[in-house]
Amino acid sequence: MTAQNTALPNTMQVEDDRTGLSIGTLRRAMADNLFYIQGKYPDIATQNDYYMALAYTVRDRLLQRWLATREAYDGAGVRMVCYLSAEFLLGPHLGNNLVNLNIYQPVEKAITESGLNLDQLIAQEEEPGLGNGGLGRLAACYMESLASLEIPAIGYGIRYEFGIFDQEICDGWQVEITDKWLQYGNPWEILQADSAVEVKFGGYTEFYTTEQGEQRVRWVPNYALKGVPYDTPILGYRVNTANTLRLWKAEASESFNFQRFNQGDYYGAVNAKTTAENLTKVLYPNDEQIQGKELRLQQQYFFVSCSLQDMIRIHLAEGNRLETFHEKFTAQLNDTHPAVGVAELMRLLVDEHAMPWDTAWQVTQKTFAYTNHTLLPEALEKWPIGLFGRLLPRHLEIIYEINQRFLDQVQQQFPDDDGKLAALSLIDESGERYVRMANLASVGSYSINGVAALHSELVKSTVLKDFHQLWPQKITNVTNGVTPRRWLVLSNPQLAELITSKIGNGWVQDLDQLKQLEALVNDSGFCSAWQQVKLANKQRLAQRILDFTGIEVDPTSMFDIQVKRIHEYKRQHLNVLHIITLYNRLKANPTQTMVPRTFVFGGKAAPGYFMAKLMIKLITSVGEVVNHDPDVAGRLKVVFLPDYNVTNSQPVYPAADLSEQISTAGKEASGTGNMKFSMNGALTIGTLDGANVEIRDAVGDENFFLFGLTVEDVMALKDQGYQPKKYYHRHSSLQNIIDQLSSGVFSQGDQNLFRPLVDNLLYQDPYLLLADYQAYVECQDRVSQAYADATHWTRMSILNSARMGKFSSDRSIRDYAKNIWQVKPVPVKLKEYIQANAGLQVNTP
Ligand SMILES: *Cc1c(COP(=O)(O)O)cnc(C)c1O
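For what it's worth, our numbering labels the leading residue of the sequence shown as 7, then goes sequentially.
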């Protein structure tokens, strides 16, 4: 405080317009921002103008915390987590920041008093869809938990100009629309032009001799780009920590193009800008499936190089030596997408900072830790040597060198075991030669983890089996989690309020406290309040379904929901086989009593994934028939909610009675949607796959609907030669359904439409739908019986929420912090804005 300020009597202290949190100040700040940022009077302002004015009002309050956080970290020698991820599926910021700033209610009041509606303003925000699905969403939950736990962290990624496409449904098919999320500007990001770095590509390498007579390698690139960082503050819940998410945009490097400019090719130099910016133009829309496109490798290398250069700059700016780089930073590789970082850090240390190889390798191996996200062979990244070497010639040399030294060491430990060498090698030499990114990440990291207990065991016994034998301590488990701030407090405010009214609000920061709800399962008042919240959430979703699809659904029917990316391994089509089973039962016996169900689907298919797109058409086609058949009226509805993303998912999880988690055992690494549902009081029907196993352990077998083959069953069945046709012949109801699909019952007589799906099931069925069909249907019958007893169902629903403490991403981050990263919280003190601006000085960037 300046002398003048302290002299003011308390009563006269005026809240600063950019930091104050009272209703009056927030109102004034918003009016101010409407005028000075949007340049509008209220009489011409649109909803979007008011959203922007509010967003900037919130951002001002974030900036105070963000600068205080940076000050607490800068120069204090704190150890930091760098979360390297090609995807961050953040979802809209406004609502979440209001929750975490603890100003949701005052802002709502201020907005309402102004004659506006907060929900409508929040709905204006175009979410940054910078990810495909679970992996990207996990990165977003982890950034939020890191901040909430006050752990120093930076998220590094790519600022895609176009995120995951928007989905429309036309004639029952998916149509992809470009995601123009930046078109009205992004109030949450701050351009940091003076932290731009250069990234090189292509060319060749050569030896040269230094003045000291040392032989060194020089990379002579073909071209270079500039990486420009845009920072988004990520605020923790009711703490002052606002960590940084730093996303890189590609631009033309003027220094590199200077020669051309000098030679008079002004147009060419400017034109290079357009080409350069293509690199971060668009997110590859494939989930769990690689495409092997050169531009994708360019994206990966680009953001990793930018990030490592940034980390080195920070480290040196603090006056440290690069030999201690791994003490300052730990870099988590979110899958193998950033794995080229292992070679890049070696290059930066050895070539650019003249560190001896062995020292550099020690630093590198102690810097990285790798999270494996999948066992699916089609998702394991590998790059053809030719492509890799053309783009990153120096990195290929470095990878060969790492591989040589590594295999020499293996050779000593396992003499003359060529199989072992071939399996561990960073290079796949079985045919066309490839760089194996999982092997590079494994060799270059001090820790490897899977994302659920079952998955981590499978990592040890399958994809990384030989690495596990070599380094038995290196592979561990960190079960995924989701943040309860977004997935309960923000998405399900009524349930959050009910819970808080009973057990206080400590659960938001310590989700294990939900356990206290167990004592209330026999409290009839609480149970009926619980039911009323669920009903209200279902009514809200029913209205959205009507608005989005024109389909009317009954909020008192059971809401049976499967929302996630569309993939054969996730088996949305198994769900459809069950729907048709119920439909056929009703057709055979129209007066039969049945627990009414509303089936809700949502999810995007990769644009090039034909079978997934056909699965969407299957769902909508079955819906078309079922929803219009008077014989089933009032008992069955099938809905496909278009454009599944974070925004649209938030009203879905709280409205579910039943959560469909029915992947083939061993295929879903963890799943996080399963956690969001269960936290919000849905019961799960699921296989023993991914985190389902741990969810069932936590909530109790009696509160979980388990069915289907286990991982061992799946392996045994495949070993003995799986013949799906057998199941077709064994179950007449299954046979009937398959025949209906072939004969055009659900395709207006078209016998070809679903042929590829039917043939796939009958002759290959790689995901064992037919083998699991009967168990699934029987389990669904048990679900219906249970749902008929509303009191008991409610009890199970409460117990699901009450026992989900483990699945908070706070627990996951604590696991990483303690078992892997060795980082500690650094609390941040708020600084008065006035004090922070007491004296002005000029610094060099
Ligand atoms: C949670 C989430 C996912 C992951 O869902 P799974 O059921 O675990 O596959 C995907 N997309 C969005 C938008 C999500 O919020």
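Beta carbons: idealized from backbone N, C-alpha and C, even for Gly.
Which residues DSSP lists as bridging residue i, in chain order
i, result
"P291", "According to DSSP, which records beta bridges pairwise, P291 is partnered with nothing at all."
"F94", "L136"
"L251", "G161, T238"
"A611", "For A611, which the question treats as bridged, DSSP gives no partner whatsoever."
"G233", "V203, A256"
"P390", "Y440"
"W225", "T211"
"F565", "T604"
"V488", "S814"
"A337", "C88, F374"
"V181", "E174"
"D434", "Y440"
"T555", "T555 pairs with nothing; no bridge assigned."
"T482", "N455"
"L712", "G692"
"S627", "Looking at the DSSP assignment, S627 forms no beta bridge with any residue, so it has no partner."
Distance between residue j and residue i (C-alpha atoms, nearest Å)
i, j, result
"A9", "E838", "Annotation note: pLDDT 38 at A9 (below 50); position unreliable, no value reported."
"L381", "S684", "25 Å"
"Y273", "T670", "55 Å"
"A153", "T31", "26 Å"
"Q757", "G750", "5 Å"
"K835", "A502", "28 Å"
"I183", "F171", "6 Å"
"T604", "I164", "39 Å"
"C88", "M317", "9 Å"
"M18", "L494", "Reliability fails at M18, whose pLDDT of 46 lies under 50, so the model's placement of it is uncertain and the value that follows must be treated cautiously. Rounded to the nearest angstrom, the two C-alpha atoms are 39 Å apart."
"A116", "R33", "6 Å"
"N686", "F308", "39 Å"
"R546", "L314", "46 Å"
"V638", "V764", "25 Å"
"D725", "Y733", "17 Å"
"N108", "S28", "11 Å"
"G456", "A145", "15 Å"
"V514", "T52", "35 Å"
"P362", "N39", "54 Å"
"M621", "Q198", "44 Å"
"I320", "L285", "25 Å"
"K232", "E384", "32 Å"
Residue i CB to nearest heavy atom of ligand 1 below 7 Å
i, result
"Y615", "no"
"N651", "yes"
"N340", "no"
"G487", "no"
"K682", "yes"
"S818", "no"
"R143", "yes"
"L95", "yes"
"R571", "yes"
"G900", "The displayed coordinates of the chain run from 7 to 851. Any statement about residue 900 would go beyond what the structure contains."
"S655", "yes"
"T597", "no"
"T678", "yes"
"E140", "It should be noted that the sequence gives Gly, not Glu, for residue 140. G140 Cβ: within cutoff of ligand 1."
Span of the alpha helix (DSSP H) around residue i
i, result
"K426", "424–430"
"N54", "53–79"
"I586", "578–594"
"D778", "775–794"
"I509", "499–509"
"S748", "738–749"
Any chain D beta carbon closer than 8 Å to residue i
i, result
"A697", "The question asks about chain D, but that chain is absent: this structure has only one protein chain."
Residue span of the beta strand (DSSP E) that contains residue i, given as start and end
i, result
"L647", "642–647"
"T690", "689–692"
"I454", "451–456"
"T118", "That residue, T118, is in no beta strand (DSSP E); its alpha helix (DSSP H) goes 110–119."
"E524", "That residue, E524, is in no beta strand (DSSP E); it is neither H nor E in DSSP."
Given 8 Å, three or more beta-carbon pairs between the region 818–826 and the region 465–485: Judged by pairs of C-beta atoms under 8 Å, the region 818–826 touches the region 465–485, as three or more such pairs exist.
Pairing CB atoms from the region 80–97 with CB atoms from the region 327–343, are three or more of them under 8 Å? Flag = yes, the region 80–97 and the region 327–343 touch.
Taking 8 Å as the threshold, find out whether the region 388–403 comes into contact with the region 435–442 through three or more Cβ pairs. Yes: at least three Cβ pairs fall under 8 Å.
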